[in-house]
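Read through the structure below, which is laid out as structure tokens, and then see the notes.
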Amino acid sequence: MNTLIEKISDVNDLILQGKALEAFETYYHDDVIMQENDHAACVGKSLNREREKAFFDAIEEFKCAKPLKVTIGEQTTMVEWELHYVHKEYGEKRYSQVAVQEWREGKIIKEKFYYGS
Numbered sequence: 518m519n520t521l522i523e524k525i526s527d528v529n530d531l532i533l534q535g536k537a538l539e540a541f542e543t544y545y546h547d548d549v550i551m552q553e554n555d556h557a558a559c560v561g562k563s564l565n566r567e568r569e570k571a572f573f574d575a576i577e578e579f580k581c582a583k584p585l586k587v588t589i590g591e592q593t594t595m596v597e598w599e600l601h602y603v604h605k606e607y608g609e610k611r612y613s614q615v616a617v618q619e620w621r622e623g624k625i626i627k628e629k630f631y632y633g634s
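Be aware that the sequence shown starts at 518, since it is given in the working numbering, and climbs by one per residue.
Okay, here's the thing in structure tokens:
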């Protein structure tokens, strides 16, 4: 699996199968930086793993996760998602989100999520 379209398609497929943490382990760089909107960035795979695990552990019901659009550029991918779930802390959430991934050495080195409040 060499091309970005193949890699981001596999990431999306794993998320749709409920295997987001498996996608994280497979496709994210050890030095990954992840950020939501303008919040402080979270640096490193270990800290981001904890953050991702805490988020998914708090999901009470996943109603919908659907990639709407995928864009591929030079070492960059972008995915627009439709998301709908019930979260222990945030309640029922339904929104669109754009995830922008920068790739290095075949892995996601930086990912930023853009969504409304």
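Glycine included, each C-beta is placed from N, C-alpha and C at the ideal position.
Neighbour-count burial assignment, residue i, 16 or more Cβ in a 10 Å radius
| i | result |
| --- | --- |
| residue 625 | buried |
| residue 520 | exposed |
| residue 594 | buried |
| residue 622 | exposed |
| residue 567 | exposed |
| residue 554 | exposed |
| residue 628 | buried |
| residue 592 | exposed |
| residue 534 | exposed |
Cβ-based neighbour list, residue i, same chain, cut-off 7 Å, excluding 5 preceding and 5 following
| i | result |
| --- | --- |
| residue 602 | 576, 578, 579, 580, 610 |
| residue 606 | 575 |
| residue 560 | 550 |
| residue 599 | 581, 583, 585, 613 |
| residue 573 | 537, 538 |
| residue 522 | 589 |
Cβ neighbours of residue i in the same chain (closer than 8 Å, five flanking residues each side left out)
| i | result |
| --- | --- |
| residue 570 | 538 |
| residue 546 | 562, 621, 622, 624, 625, 626 |
Residue i, enclosing alpha helix (DSSP H) - first and last residue
| i | result |
| --- | --- |
| residue 530 | 521-533 |
Residues bridged to residue i (per DSSP)
| i | result |
| --- | --- |
| residue 596 | 587, 616 |
| residue 560 | 550 |
| residue 572 | In the DSSP output, where bridge partners are listed per residue, residue 572 has none listed. |
| residue 609 | 603 |
| residue 517 | Because the chain is modelled from 518 through 634, residue 517 falls outside the range shown and cannot be assessed. |
Span of the beta strand (DSSP E), counted from its first residue to its last, around residue i
| i | result |
| --- | --- |
| residue 542 | It is not in any beta strand (DSSP E) - residue 542 instead sits in the alpha helix (DSSP H) that spans 537-544. |
| residue 629 | 624-632 |
Closer than 7 Å: residue i CB and nearest the ligand ADP heavy atom
| i | result |
| --- | --- |
| residue 574 | The ligand ADP is not among the ligands present in this structure, which contains no ligands whatsoever. |
Cβ-based neighbour list, residue i, same chain, cut-off 6 Å, excluding 5 preceding and 5 following
| i | result |
| --- | --- |
| residue 531 | 539, 540 |
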